[in-house]
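J.: Attaching a single structure in structure tokens format; questions to follow.
Numbering (this note's numbering), first residue to last: 45 to 308.
Below, the structure written as structure tokens:
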């Protein structure tokens, strides 16, 4: 069990900035839980913007552009709970365990993060306590209070160009050691019209499946990580279009597992 915050410890987030994570549609009826770890580019005032300029602070380095908007659309279409972080991944990347150095990256792609240079142990512990642990606890409590075992679906976006290299993939379907939901989603995505690939543009070997491992695999829950190229979801029209394509695919995946659970 994750340790709770002691009242005597100072918090990174002011009361007006809290909470660090939130659950929407907590009582949704779908046998699924959506998770968006990189939903926000918000940086607590105490960190002075991490020393970033506006270009870096608004870039994909700070958050997954369009991911929260897409998650909210899918939440409504599926009637599923959605857990999302409210703090930039440059403060703490909630899809990384505390021991990973890139949980608080000093460099993200082409951007240096001055506010993450030379962090003390106390500063790292404060971010773990005030950003990561509330998020992880909220994911855990949401999963553990579902009336039926849910499919865990994490939602991310990625840049069309990374370190100067264009990416043709539009929908990436990622898995860790449990590939049941990913393989099923891949089959249902064949007629989507999107350029779909398994374990692209990242895979478990890149260390991007922490949430799946920590919260789904250890509970034996089917799970999948979705990556959408962010130029497809950087406008409301794009979000609506991609949500429309993904909704029947995800409904088929969730239904398949709910029927499997119902079998004697």
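The C-beta atom is built at its ideal place from N, Cα and C for all residues, glycine as well.
For residue 270 versus residue 199, is the C-beta distance shorter than 8 Å?
T.: Yes, the pair counts as a contact, with Cβ atoms nearer than the cut-off.
J.: Could you work out which residue in 267, 230, 252 and 248 is closest to residue 293 when comparing CA atoms only?
T.: Out of 267, 230, 252 and 248, 230 has the C-alpha closest to the C-alpha of residue 293.
J.: Helix, strand or coil for residue 232 per DSSP?
T.: If DSSP states are grouped into helix, strand and coil, residue 232 belongs with the helices.
J.: Tell me which residue opens and which closes the beta strand (DSSP E) that residue 185 is part of.
T.: First-last for residue 185: 177 to 188, but that is the alpha helix (DSSP H), not the beta strand (DSSP E).
J.: Residue 81 by DSSP, collapsed to three states: which one?
T.: In the structure shown, residue 81 sits in coil (DSSP, three-state: anything other than H, G, I, E or B).
J.: Closer than 8 Å, CB to CB, is residue 234 near chain C or not?
T.: In the structure shown, chain C cannot be found, because there is only a single protein chain.
J.: Just to confirm, is the Cβ distance from residue 256 to residue 274 under 8 Å?
T.: Not a contact, by the Cβ cut-off of 8 Å.
J.: Put residue 202 into one of helix, strand or coil per three-state DSSP.
T.: The answer is strand: DSSP assigns residue 202 an E or B state.
J.: Secondary structure at residue 172, three-state DSSP: helix, strand or coil?
T.: DSSP places residue 172 in helix when its eight states are reduced to three.
J.: I'd like the list of long-range same chain contacts for residue 214, defined as Cβ closer than 8 Å, with 5 residues on each side in sequence excluded.
T.: The answer, listed in chain order, is 238, 239, 240, 272, 273 and 276.
J.: CA-CA distance, residue 278 and residue 109?
T.: Cα to Cα, the separation comes out at about 6 Å.
J.: Report yes or no: do the stretch 146 to 164 and the stretch 113 to 130 share at least 3 C-beta pairs separated by less than 8 Å?
T.: Output reads no: the stretch 113 to 130 does not touch the stretch 146 to 164.
J.: Less than 8 Å between the beta carbons of residue 132 and residue 64, yes or no?
T.: The answer is no: Cβ separation not under 8 Å.
J.: I'd like the list of long-range same chain contacts for residue 139, defined as Cβ closer than 6 Å, with 5 residues on each side in sequence excluded.
T.: Here the set comprises 81, 254 and 255.
J.: Are residue 232 and residue 302 close, meaning C-beta to C-beta below 8 Å?
T.: Not in contact: residue 232 and residue 302 (Cβ atoms no closer than 8 Å).
J.: So, helix, strand or coil for residue 224, using DSSP?
T.: In this structure, residue 224 counts as helix in the three-state DSSP scheme.
J.: Return helix, strand or coil for residue 57, following the three-state DSSP convention.
T.: The answer is coil: DSSP assigns residue 57 none of H, G, I, E or B.
J.: Figure out for me which residue from 263, 188, 204 and 234 has the closest Cα to the Cα of residue 222.
T.: Looking at the Cα atoms, 263 is the closest of the given residues.
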